[in-house]
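Enquirer: Okay, handing you the structure first.
In my numbering, the protein residues as written are 11 to 476.
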């Protein structure tokens, strides 16, 4: 049952006195004295360390653990399941310095997401400083409210803290109690706080509540399958932390992440009877490796295959999506071939490999690349964004809209077509000259402006071999 509380728009007094949220569920959800707590954590983490490999682990071998979904029951019930997740981040002890922790509210009704105003959260193992700079920076998000009452007795965040204090070194905390809000608002919060390797995201949730053992297994297995497909949950009956989970899954899908189930059980497997159980599972979410080095390796190996070398290269989650690339080859600093796709018309992995081979062997301006030259070339891959049409009434109007060093431009005039990548601005920095050369490349006179001419702009990410 929720207790009502008034949440204020998020405001922080610059003169606020330093204060601490004390532990609320020490002695009930986990031991209250430090030594007993350490022994219990050692048990949970030790059992996890000796467990079998996570489901889906083969899909995550080359990826970086970025986020966790972890249960929040008492340690006798879900401690080992939680420990399975937290044991994994021990290897990042010296890398992770901030934890963003999102859990559902159980005791206080909150419209939005409750952020605390205190400076520390305390456990029997000591105080954890809050990242006040990051929390204060959330003030412009409409869903964020200042509400210490929502945190005062909330266990869904607190039970994770001793685990984090055990497996990490020094770190700061961003604790957020998620109430009535939307998936998009939670996703926006997570995106804002995503950070780099220094930041771990944790979504706190148990699974089904108060079914028989067999019913719970069926419900929880179905819920886990949805989570493993990065599909949003549809009911709080599936997971009390459905909203934090859904916000994380939404971000994970957009970022091309992979996921693995680390452990799953229910209270009937641990310390309760089987007539009325609560389900638990932990999951790890992994960021794909940076795409640039993978694109470069695929481009080079596609050329190497023509000389009897290996054609196999690492894949990437984005490779299955449509993508448009240009592959540029240079030899002793001079252009040696450049072929690409102006629009995405095939899978990204196929596109970069095909364009690499074409740049090496089918650029009509050059003879096919030799094996000796292959040893000395440098490969550059440009990844194009989707072209967007420009609106203009005259050539002067079009020229005024060009953004040097930013825009790649596609020119279409009837059957004639040409493009310049953004890097061409380095050689032709003046818009009038840039446009004149672009027209000439298409086969038009430099001073022509035919009726019906169309221009499209696009952006580029590019990577070049050292």
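From the three backbone atoms N, C-alpha and C, an ideal C-beta is built for every residue, glycine too.
Between which residues of its own chain and residue 478 is the CB-CB distance below 8 Å, once the five residues before and five after are set aside?
Expert: For the chain, the structure presents residues 11 to 476; residue 478 sits outside this window and is missing.
Enquirer: For the segment 366-380 against the segment 405-419, are there 3 or more C-beta pairs whose distance is under 8 Å?
Expert: Too few Cβ pairs lie closer than 8 Å, so no.
Enquirer: Tell me which same chain residues have a C-beta within less than 6 Å of the C-beta of residue 359, skipping the five on either side of it?
Expert: Around residue 359: 329.
Enquirer: Using alpha carbons as the reference points, say which of 457, 452, 357, 364 lies closest to residue 349.
Expert: Checked all of 457, 452, 357, 364; the closest Cα to residue 349 is 364.
Enquirer: Considering only residues of the segment 220-250, which uninterrupted alpha helix (DSSP H) runs meet the minimum length of 4 residues and lie entirely inside it, listed in chain order?
Expert: For the segment 220-250, whole alpha helix (DSSP H) runs of length 4 or above, ordered along the chain, are 223-238.
Enquirer: Note down, one range per segment and in chain order, each alpha helix (DSSP H) of at least 4 residues found wholly within the segment 124-158.
Expert: You should have 142-146.
Enquirer: Do residue 198 and residue 135 count as a contact pair if the criterion is CB distance below 8 Å?
Expert: Result no, Cβ atoms of residue 135 and residue 198 do not sit closer than 8 Å.
Enquirer: In angstroms, rounded to a whole number, what distance separates the CA positions of residue 310 and residue 362?
Expert: Between residue 310 and residue 362, the C-alpha separation is close to 10 Å.
Enquirer: Is it right to say residue 457 is buried, meaning 16 or more other beta carbons lie within 10 angstroms of its own, or is it exposed?
Expert: By the neighbour-count rule (16 or more Cβ atoms within 10 Å), residue 457 is not buried but exposed.
Enquirer: From residue 501 to residue 472, what distance separates their C-alpha atoms?
Expert: Here the chain has residues from 11 to 476 only, and residue 501 is not among them.
Enquirer: Tell me whether the beta-carbon of residue 77 lies closer than 8 Å to the beta-carbon of residue 212.
Expert: Yes, the pair counts as a contact, with Cβ atoms nearer than the cut-off.
Enquirer: Closest to residue 110 by C-alpha separation, out of 90, 145, 97, would be which residue?
Expert: Checking every option, the nearest Cα to that of residue 110 belongs to 145.
Enquirer: Expressed to the nearest angstrom, what Euclidean distance is found between the alpha-carbon atoms of residue 432 and residue 318?
Expert: So the alpha carbons of these two residues sit roughly 34 Å apart.
Enquirer: Per DSSP, residue 36 forms a beta bridge with which residues?
Expert: Answer by DSSP bridge pairing, in chain order: 40.
Enquirer: Would residue 271 be called buried (16 or more neighbouring beta carbons within 10 Å of its own) or exposed?
Expert: The residue in question, residue 271, is buried, as its Cβ has 16 or more Cβ neighbours within 10 Å.
Enquirer: Enumerated in chain order, which unbroken segments of the alpha helix (DSSP H) with a length of 4 residues or greater are wholly contained in the segment 149-208?
Expert: Counting whole runs of 4 or more residues, the segment 149-208 contains the alpha helix (DSSP H) stretches 159-162, 165-168, 171-177, 193-203.
Enquirer: So what's residue 68 in DSSP terms, helix, strand or just coil?
Expert: Confidence is the limiting factor: at residue 68 the pLDDT is only 47, short of 50, which leaves the residue's position unreliable and the question unanswerable from this model.
Enquirer: Does residue 474 come out as helix, strand or coil in the three-state DSSP assignment?
Expert: Three-state result, residue 474: strand.
Enquirer: What does a CB cutoff of less than 6 Å around residue 464 pick up in its chain, not counting 5 residues either side in sequence?
Expert: Excluding positions up to five away in sequence, the list reads 422.
Enquirer: Taking only the alpha-carbon atoms, compute the straight-line gap between residue 402 and residue 408 and give it to the nearest angstrom.
Expert: Rounded to whole angstroms, residue 402 to residue 408 spans 5 Å at the Cα level.
Enquirer: For residue 246, which of 341, 452, 114, 269 has the nearest alpha-carbon?
Expert: Here the closest residue by C-alpha is 114.
Enquirer: Which first and last residues belong to the beta strand (DSSP E) in which residue 427 is found?
Expert: First-last of the beta strand (DSSP E) with residue 427: 426-430.
Enquirer: Look at residue 33 and residue 132 and say whether their C-beta atoms are less than 8 Å apart.
Expert: Result yes, Cβ atoms of residue 33 and residue 132 sit closer than 8 Å.
Enquirer: DSSP puts residue 8 in a beta bridge; with which residues?
Expert: Only positions 11 to 476 of the chain appear in this structure, which leaves residue 8 out of reach.
Enquirer: Which residue spans inside the segment 348-390 form an unbroken alpha helix (DSSP H) run of at least 4?
Expert: 358-371, 381-384, all fully within the segment 348-390.
Enquirer: Could you tell me whether the Cβ atoms of residue 31 and residue 159 are closer together than 8 Å?
Expert: No, they are not a contact pair.
Enquirer: Closer than 8 Å by C-beta to residue 208: which residues in its own chain qualify, once you throw out the five before and the five after it? Chain order, please.
Expert: So the qualifying residues of the chain are 105, 106, 107, 108.
Enquirer: Alpha helix (DSSP H) containing residue 420: first to last residue?
Expert: Unbroken run through residue 420 is the beta strand (DSSP E), 418-423; no alpha helix (DSSP H).
Enquirer: Assuming residue 397 contacts residue 448 (C-beta within less than 8 Å), just tell me the rounded distance between them.
Expert: That belief does not hold up - the Cβ atoms of residue 397 and residue 448 are roughly 14 Å apart, past 8 Å.
Enquirer: Residue 312: buried (16+ other C-beta within 10 angstroms of its C-beta) or exposed?
Expert: Its Cβ being crowded by 16 or more others within 10 Å, residue 312 is buried.
Enquirer: Cα separation between residue 227 and residue 129?
Expert: Distance between the alpha carbons of residue 227 and residue 129: 40 Å.
Enquirer: Given a threshold of 16 other Cβ atoms within 10 Å of its Cβ, counted over all protein chains shown, does residue 222 qualify as buried or as exposed?
Expert: Residue 222 should be labelled exposed.
Enquirer: Quick check on the burial criterion: 16 or more other C-beta atoms within 10 angstroms. Buried or exposed for residue 455?
Expert: Label assigned to residue 455: exposed.
Enquirer: Compare the C-alpha of residue 193 against each of 165, 175, 138, 258 and name the closest.
Expert: When only C-alpha atoms are compared, the closest one is 258.
Enquirer: What is the DSSP secondary structure of residue 294, counted as helix, strand or coil?
Expert: Of the three classes helix, strand and coil, the one that applies to residue 294 here is strand, per DSSP.
Enquirer: Starting from residue 91 and walking both ways along the beta strand (DSSP E), at which residues does that stretch end?
Expert: Careful: residue 91 lies outside any beta strand (DSSP E), inside the alpha helix (DSSP H) at 85-98.
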